[in-house]
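Here is the structure we will look at.
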Amino acid sequence: MEINSDGRMRAITDTSFYKNQTRIALRNCGLINPEVIEEYIANDGYMALAKALTEMTPQEVIDEVLASGLRGRGGGGFPTGRKWQFAADAKGDIKYVVCNADEGDPGAFMDRSVLEGDPHSLLEAMTLAGYAIGAQEGYIYVRAEYPIAVKRLNLAISQARERGLLGKNIFGTDFSFDLFLRLGSGAFVCGEETALLASIEGKRGEPRPRPPFPANKGLWGKPTIINNVETYANIPVILLKGADWFGKIGTEKSKGTKVFAIGGKINNTGLVEIAMGTPLKEVIYDIGGGIPNGKKFKAVQTGGPSGGCIPAELLDMPIEYDTLIQAGSMMGSGGMIVMDEDNCMVDIAKFFLSFTQEESCGKCPPCRIGTKRMLEILDRITKGEGKEGDIELLESLAKSIKASALCGLGQTAPNPVLSTIRYFRDEYEAHIKEKRCPAGSCKALIHYEIIADKCKGCGLCAKVCPVGAISGEKKQPHVIDKEKCIKCNSCFDRCRFDAIRKY
Amino acid sequence: MDDERKVSVKKMSDEKITTDISFTKEILTKYPKEQRYLLAILQDIQRHYKFLPRKSLSMVQEYFDIPLSRLYSMATFYKALSLKPKGEYVIKICDGTACHLRGSNIIIDEIKKLLDIVPGDTTRDGRFSLETVNCLGSCAAAPVVVINDRFFGKVTPSKLKEIIEEYGGNGDE
Ligand code: FES
Numbered sequence: 370m371e372i373n374s375d376g377r378m379r380a381i382t383d384t385s386f387y388k389n390q391t392r393i394a395l396r397n398c399g400l401i402n403p404e405v406i407e408e409y410i411a412n413d414g415y416m417a418l419a420k421a422l423t424e425m426t427p428q429e430v431i432d433e434v435l436a437s438g439l440r441g442r443g444g445g446g447f448p449t450g451r452k453w454q455f456a457a458d459a460k461g462d463i464k465y466v467v468c469n470a471d472e473g474d475p476g477a478f479m480d481r482s483v484l485e486g487d488p489h490s491l492l493e494a495m496t497l498a499g500y501a502i503g504a505q506e507g508y509i510y511v512r513a514e515y516p517i518a519v520k521r522l523n524l525a526i527s528q529a530r531e532r533g534l535l536g537k538n539i540f541g542t543d544f545s546f547d548l549f550l551r552l553g554s555g556a557f558v559c560g561e562e563t564a565l566l567a568s569i570e571g572k573r574g575e576p577r578p579r580p581p582f583p584a585n586k587g588l589w590g591k592p593t594i595i596n597n598v599e600t601y602a603n604i605p606v607i608l609l610k611g612a613d614w615f616g617k618i619g620t621e622k623s624k625g626t627k628v629f630a631i632g633g634k635i636n637n638t639g640l641v642e643i644a645m646g647t648p649l650k651e652v653i654y655d656i657g658g659g660i661p662n663g664k665k666f667k668a669v670q671t672g673g674p675s676g677g678c679i680p681a682e683l684l685d686m687p688i689e690y691d692t693l694i695q696a697g698s699m700m701g702s703g704g705m706i707v708m709d710e711d712n713c714m715v716d717i718a719k720f721f722l723s724f725t726q727e728e729s730c731g732k733c734p735p736c737r738i739g740t741k742r743m744l745e746i747l748d749r750i751t752k753g754e755g756k757e758g759d760i761e762l763l764e765s766l767a768k769s770i771k772a773s774a775l776c777g778l779g780q781t782a783p784n785p786v787l788s789t790i791r792y793f794r795d796e797y798e799a800h801i802k803e804k805r806c807p808a809g810s811c812k813a814l815i816h817y818e819i820i821a822d823k824c825k826g827c828g829l830c831a832k833v834c835p836v837g838a839i840s841g842e843k844k845q846p847h848v849i850d851k852e853k854c855i856k857c858n859s860c861f862d863r864c865r866f867d868a869i870r871k872y
Numbered sequence: 309m310d311d312e313r314k315v316s317v318k319k320m321s322d323e324k325i326t327t328d329i330s331f332t333k334e335i336l337t338k339y340p341k342e343q344r345y346l347l348a349i350l351q352d353i354q355r356h357y358k359f360l361p362r363k364s365l366s367m368v369q370e371y372f373d374i375p376l377s378r379l380y381s382m383a384t385f386y387k388a389l390s391l392k393p394k395g396e397y398v399i400k401i402c403d404g405t406a407c408h409l410r411g412s413n414i415i416i417d418e419i420k421k422l423l424d425i426v427p428g429d430t431t432r433d434g435r436f437s438l439e440t441v442n443c444l445g446s447c448a449a450a451p452v453v454v455i456n457d458r459f460f461g462k463v464t465p466s467k468l469k470e471i472i473e474e475y476g477g478n479g480d481e
């Protein structure tokens with residue numbers, strides 16, 4: 370329930386935040402008690418599994434997933450049904466089902482809510498996948514930073530075992546399947562399938578060249594499918610309501626819904642699940658409630674460190690796998706970070722690149738050395754030491770890294786830089802040529818000054834200044850000693866008369 | 309003075325290891341001798357000692373009969389594993405995208421001012437360690453700081469000062 374501006378109450382589902390959402394993956398989150406298996410069962414839980422095991426052949430399960438058009442929600446958007454088919458067709462008696470719950474995108478927390486809010490849906494989906502491809506065991510690789518998720522998954526697994534929903538002869542059939550947890554240990558590259566498998570095997574989580582693809586040679590060399598949490602969360606619904614029903618949601622090439630974690634400079638932060646094809650604008654203004662403090666929208670970043678920034682001109686764009694790629698970004702796992710006029714695009718590019726640089730496992734030189742060189746260039750640009758030709762150099766390095774890195778981490782690492790250059794080249798140029806940061810964010814390039822006309826001499830700024838750089842008589846305009854100033858922004862935040870200018 | 313302190317901190321941690329070594333033994337008996345359990349074992353050791361003591365690593369090495377360098381390669385690869393003892397209070401500052409945009413770097417600067425440590429460091433008295441982490445899944449409360457398992461949202465420099473004082477502040481002062 371929420372109170373309206375006119376003081377009347379309305380149902381929470383009628384608020385603009387919820388009204389525009391379609392919840393499939395998040396269908397139970399926040400509505401059921403995740404620690405009580407009966408509540409999941411009461412909401413059609415394990416019905417899809419019962420149906421599949423008793424009425425469908427494994428191939429029919431795969432066909433249904435194929436027909437639904439579901440694509441991987443974790444990154445590239447590969448059709449889930451095709452992945453399953455490959456693994457089902459691969460030769461071998463031992464096969465594995467793996468869930469990537471090592472959400473590492475810095476600014477995204479979609480998986481966490483499903484793991485914590487609806488763990489049984491993941492268990493059910495993985496068991497379904499096991500049935501479809503003929504696997505006997507599955508592993509959930511989950512971030513150790515999510516202790517509640519770990520606890521609830523463990524609880525859910527033991528509940529499912531008690532009720533015979535995991536283990537031997539599920540639903541009295543001759544299908545047996547069990548699930549185990551593995552904890553991640555803080556390595557972003559483990560989101561890459563082959564690295565994740567290496568980590569489950571107890572090794573350093575380094576990727577390896579593909580092919581062979583995990584569907585043929587995965588965990589311990591056996592055929593394996595890997596999907597992320599959100600992808601799995603869609604599966605029980607698809608099997609229960611049918612591929613046709615699912616196919617009606619979304620667009621021609623991107624079916625169903627996508628969960629986004631909206632954050633940054635936006636009024637309503639949080640998780641939203643929208644039908645594919647919803648225009649970005651609707652997400653940011655109708656659901657997200659727009660930009661706080663009357664600031665101007667500048668760009669929205671999707672796809673995390675592998676994605677890019679989408680500028681205001683493209684806000685009408687429908688959210689789909691392919692449109693995002695055309696715009697120089699990607700769906701990724703669903704981080705959606707809104708930036709306003711105070712955010713510097715060069716700094717954002719630097720932020721993401723320093724993240725991937727730090728997380729690069731070091732196995733392949735393009736990623737290990739290339740991203741380092743790019744980062745050095747960005748660093749000097751933000752310090753006002755950029756040189757003519759730096760932008761071109763960044764572009765050419767980016768191209769080579771994209772073409773030659775071993776895994777997805779390296780291949781997509783330059784995207785944040787490329788997309789900001791593409792849409793905000795003038796900002797890069799201002800840093801390089803005029804030694805100026807138009808957003809007023811790069812510390813080395815900004816200066817603070819007190820506008821004498823506006824200063825009332827209240828002395829507040831002098832009081833908050835941590836280094837004593839501001840002086841002046843009471844009731845007289847104050848001045849900032851630029852030598853002493855450490856650009857901490859405290860005075861700017863504190864002044865009630867807009868008398869401090871950043872330039 | 310500096311060196312003296314370092315020595316005493318080192319001694320302390322060494323002593324603890326000799327008394328506690330039984331825990332490592334106990335862990336090893338719980339797991340079969342298979343490579344697949346290596347990471348899980350290191351995680352357990354890390355959780356217990358808050359770092360990977362050299363002695364424990366030697367025991368793991370013997371148990372699996374693998375070179376120590378293998379363990380070293382694991383320990384340096386995974387961020388959650390550490391070869392150095394951590395402080396009593398581990399301060400984790402979220403530097404995920406949302407927190408970054410809402411000023412996590414100001415919080416990092418403030419910690420430096422207050423405790424004179426940068427990410428990766430431990431204060432000399434061994435009380436505080438500082439780490440940055442990626443998204444803690446609480447972006448709505450950005451910027452986020454976690455001390456041991458306590459969570460603080462919408463942290464500002466002045467709020468941070470109060471928090472650190474609550475934990476005893478900078479012992480040097
Ligand atoms: S970015 Fe800090 S909690 Fe998400």
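Just so you know, the protein sequences line up as chains A and B, in that order.
Each residue of the first sequence is one higher than the one before, starting from 370 at the first, in the working numbering.
Each residue of the second sequence is one higher than the one before, starting from 309 at the first, in the working numbering.
Ideal Cβ placement from N, Cα and C applies to all residues, glycine included.
- In terms of Cβ geometry, residue 689 of chain A and residue 646 of chain A form a close pair [threshold 7 angstroms].
- In the structure shown, the three-state DSSP call for residue 352 of chain B is helix.
- When DSSP reads this structure, residue 440 of chain B sits in a beta bridge with B:401.
- At a cut-off of 7 angstroms between beta-carbon atoms, residue 387 of chain B makes contact with chain A.
- 7 angstroms or more divides the Cβ of residue 548 of chain A from the Cβ of residue 513 of chain A.
- Chain B places no beta carbon closer than 7 angstroms to that of residue 675 of chain A, leaving this residue out of the contacts.
- Residue 701 of chain A is outside the set of residues whose beta carbon lies under 7 angstroms from a beta carbon in chain B.
- Annotated as proximal: residue 423 of chain B and residue 478 of chain B, with beta-carbon spacing under 7 angstroms.
- Taking C-beta separations shorter than 6 angstroms and ignoring five residues to either side along the sequence, the partners of residue 809 of chain A in its chain run 815, 871, following chain order.
- Under the three-state reduction of DSSP output, residue 840 of chain A falls in the strand class.
- Relative to the ligand FES, the beta carbon of residue 448 of chain B is positioned no closer than 6 angstroms to any heavy atom.
- Looking at the backbone, the Cα of residue 720 of chain A and that of residue 434 of chain A are separated by about 38 angstroms.
- DSSP places residue 470 of chain A inside the beta strand (DSSP E), whose first and last residues are 465-470.
- Listed along the chain, the chain B residues whose CB falls inside 8 angstroms of the CB of residue 844 of chain A amount to none; the nearest CB is some 26 angstroms away.
- Straight-line measurement puts the Cα of residue 693 of chain A at about 16 angstroms from the Cα of residue 651 of chain A.
- By the 16-neighbour rule on beta-carbons within 10 angstroms, residue 845 of chain A is exposed.
- With a cutoff of 7 angstroms on beta-carbon distance, residue 397 of chain B and residue 475 of chain B are scored as near each other.
- For residue 445 of chain B, the closest Cβ of chain A is nearer than 7 angstroms.
- Here the C-alpha atom of residue 786 of chain A lies approximately 22 angstroms from the C-alpha atom of residue 472 of chain A.
- In the DSSP annotation of this structure, the continuous segment of the beta strand (DSSP E) that includes residue 705 of chain A starts and ends at 704-709.
- Membership of residue 430 of chain A in the alpha helix (DSSP H) is indicated by the continuous run 427-437.
- Its Cα nearest to that of residue 635 of chain A, the residue A:655 stands out among A:458, A:617, A:655.
- Non-local C-beta neighbours of residue 454 of chain A in its own chain, meaning closer than 6 angstroms and more than five positions away in sequence, comprise 431, ordered along the chain.
- Residue 404 of chain B has its Cβ nearer than 6 angstroms to a heavy atom of the ligand FES.
- In the displayed model, residue 720 of chain A falls within a helix according to three-state DSSP.
- Here the alpha carbons of residue 837 of chain A and residue 860 of chain A stand approximately 11 angstroms from one another.
- For the region 633-644 of chain A, the set of residues with a beta-carbon nearer than 9 angstroms to any beta-carbon of chain B comprises 633, 634, 637, 638, 639, in chain order.
- A check of alpha carbon separations from residue 741 of chain A across A:753, A:726, A:580 identifies A:726 as the nearest.
- Beyond the five residues adjoining it in sequence on each side, residue 485 of chain A comes within less than 7 angstroms, by CB distance, of 403, 517, 518, 521 in the same chain, given in chain order.
- At least one CB of chain B lies nearer than 7 angstroms to the CB of residue 481 of chain A.
- Interface annotation, residue 438 of chain B: not in contact with chain A, CB-CB separation never under 7 angstroms.
- Beyond the five residues adjoining it in sequence on each side, residue 664 of chain A comes within less than 8 angstroms, by CB distance, of 634, 709, 710, 711 in the same chain, given in chain order.
- Runs of the beta strand (DSSP E) lying entirely within the region 635-718 of chain A, each at least 3 residues long, are 639-644, 666-671, 677-680, 704-709 in chain order.
- With fewer than 16 other Cβ atoms inside 10 Å of its own Cβ, residue 820 of chain A counts as exposed.
- Secondary structure note for residue 329 of chain B: it is in no alpha helix (DSSP H), with a DSSP letter that is neither H nor E.
- According to the DSSP assignment, residue 767 of chain A belongs to the alpha helix (DSSP H) that extends over 759-773.
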